[in-house]
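Taking it in order: structure first as structure tokens, then the write-up.
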Amino acid sequence: MADTCGQVLLGSGLTVLSHPLMYIKVLIQVGHEPLPPTLGRNLFGRQVYQLPGLFAYAKHIIKIDGKAGLFKGLGPRLCAGTIGTIVHSKVVQRCQEQGTPQVLGGQQKAVEGSLQHVVNETTKEMIARSCATIVTHPFHVITLRCMVQFIGRETKYSGVFDSIITVYREEGILGFFAGLIPRLLGDVLSLWICNLLAHLINTYAIDDSMSHTGEIKNCSQAVTGFFASMLTYPFVLVSNLMAVNNCGLAGGLPPYASVYPTWVDCWRHLSREGNMSRGNSLFFRKLPAGKMYAIDQKRFF
1 MADTCGQVLL
11 GSGLTVLSHP
21 LMYIKVLIQV
31 GHEPLPPTLG
41 RNLFGRQVYQ
51 LPGLFAYAKH
61 IIKIDGKAGL
71 FKGLGPRLCA
81 GTIGTIVHSK
91 VVQRCQEQGT
101 PQVLGGQQKA
111 VEGSLQHVVN
121 ETTKEMIARS
131 CATIVTHPFH
141 VITLRCMVQF
151 IGRETKYSGV
161 FDSIITVYRE
171 EGILGFFAGL
181 IPRLLGDVLS
191 LWICNLLAHL
201 INTYAIDDSM
211 SHTGEIKNCS
221 QAVTGFFASM
231 LTYPFVLVSN
241 LMAVNNCGLA
251 GGLPPYASVY
261 PTWVDCWRHL
271 SREGNMSRGN
281 SLFFRKLPAG
291 KMYAIDQKRF
301 F
């Protein structure tokens with residue numbers, strides 16, 4: 001219990017610190033570009049038109065809503081983080097107590113560091129993460145919608161409880177789980193890619209006789225985690241877009257945004273437009289080739 005409380009406090013602190021970054025990232029993901037591109041230089045010194053980065057975007061938000069404006073949607077996000085940490089901890093504890101599931105090797109205890117052990121532990125972590133994601137997704141949806149209100153200056157989603165009532169009244173239970181499937185798929189794929197790649201590197205590329213083996217293995221885990229998140233980023237993007245799509249906010253309705261019947265349609269549209277990585281970078285944002293800036297809608301076409 002003490003460990004769980006510590007994780008909740010630490011997670012809440014990190015959530016507060018990182019919230020402005022997530023806020024700006026979400027606005028970029030939905031395609032909101034309030035500032036026109038400027039002429040700058042890339043890493044190689046060449047002149048290119050660049051989109052505003054993190055700090056320019058933050059200054060724009062502060063100019064309109066003040067510094068407190070950078071923390072829109074923080075309340076439901078803190079709820080999601082707290083509940084998710086508790087659910088994840090309880091599910092992991094339950095799996096450890098029961099000693100299940102054992103995907104490889106049946107009831108035989110796996111040797112630590114073996115492929116069997118990695119698969120079994122990853123399966124338990126996958127179950128725990130998936131349960132936490134499903135339980136907290138309604139708060140995630142509310143968080144995103146609170147953020148996207150910045151585009152149309154709405155106040156439709158103003159608090160956790162009021163937002164819950166609004167979503168249920170307009171969309172029913174299914175409204176709380178908009179964008180859940182691509183989010184789950186992305187989480188699961190990222191977890192398996194990260195753990196299996198780290199296992200292969202630690203087994204075949206790192207010699208146990210080397211000095212600082214532990215630090216090297218931790219580093220490989222971090223690198224594979226970053227690589228896995230890059231590969232599965234399109235799932236995150238599609239999930240966030242579907243969470244706000246056709247929800248009554250200007251940022252999720254035509255003419256600003258298309259209405260997608262399913263997340264697969266959203267994926268296909270982004271793929272055709274070459275926008276599968278939109279919002280992945282908050283710095284050195286090069287103007288997409290062939291795109292025109294529409295000042296009235298503050299987005300690119």
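Using full-length UniProt numbering, read the sequence shown as starting at 1 and increasing by one per residue.
Glycine included, every Cβ here is placed at the ideal spot set by N, Cα and C.
By the 16-neighbour rule on beta-carbons within 10 angstroms, threonine 38 is exposed. Rounded to the nearest whole angstrom, the C-alpha separation of tyrosine 168 and histidine 60 is 33 Å. Sorting Leu196, Cys79, Gln116 and Asn120 by C-alpha distance to the C-alpha of valine 92 places Asn120 at the top. A distance below 8 Å separates the beta carbons of glycine 251 and valine 148.
In this structure, Pro76 is the residue among Pro76, Phe71 and Val8 with its C-alpha nearest to the C-alpha of aspartate 162. For glutamine 96, the enclosing alpha helix (DSSP H) begins and ends at 74 to 98.
Nearest to isoleucine 24 by C-alpha distance, out of Ile206, Ile151, Asn246 and His88, is Ile151. Rounded to whole angstroms, the gap between the alpha carbons of alanine 198 and serine 130 is 21 Å.
Within the region 212 to 239, complete alpha helix (DSSP H) segments of at least 4 residues are found at 213 to 231, given in chain order. Using a Cβ distance threshold of 8 Å, threonine 232 and leucine 189 count as a contacting pair. Excluding the 5 residues flanking it on each side, proline 255 has same chain C-beta neighbours closer than 7 Å at Gln297, in chain order.
In the three-state reduction of the DSSP assignment, glutamine 297 falls in the coil class, being assigned neither a helical nor a strand state. In the DSSP annotation of this structure, the continuous segment of the alpha helix (DSSP H) that includes valine 119 starts and ends at 115 to 152. For lysine 67, the closest alpha carbon among the candidates Gly73, Ala58 and Leu74 is that of Ala58.
If you draw a straight line from the Cα of threonine 4 to the Cα of isoleucine 86, it comes to about 7 Å. The region 172 to 186 makes contact with the region 226 to 246: 3 or more CB pairs, one atom from each, lie closer than 8 Å. Proline 36 sits exposed, since fewer than 16 C-beta atoms from the chains shown fall within 10 Å of its C-beta. About 6 Å separates the beta carbons of glycine 279 and leucine 237, which is inside the 8 Å limit, making them a contact pair. Under the three-state reduction of DSSP, threonine 262 is assigned to coil, being neither helix nor strand.
In the assembly as shown, isoleucine 142 is a buried residue. Its beta-carbon has 16 or more other beta-carbons within 10 Å.
Of the residues assessed, glutamate 170 falls on the exposed side of the cut-off, its CB having fewer than 16 other CB atoms within 10 angstroms. Between phenylalanine 300 and glycine 53 a beta carbon distance of about 16 Å is seen, past the 8 Å cut, so the two are scored as non-contacting.
In terms of Cβ geometry, phenylalanine 176 and histidine 137 form a close pair [threshold 8 Å]. Around the C-beta of alanine 222, fewer than 16 other C-beta atoms lie within 10 Å, and the residue is accordingly described as exposed. Under DSSP, glutamine 7 takes part in no beta bridge, so it has no partner. For tyrosine 57, the enclosing alpha helix (DSSP H) covers residues 54 to 65.
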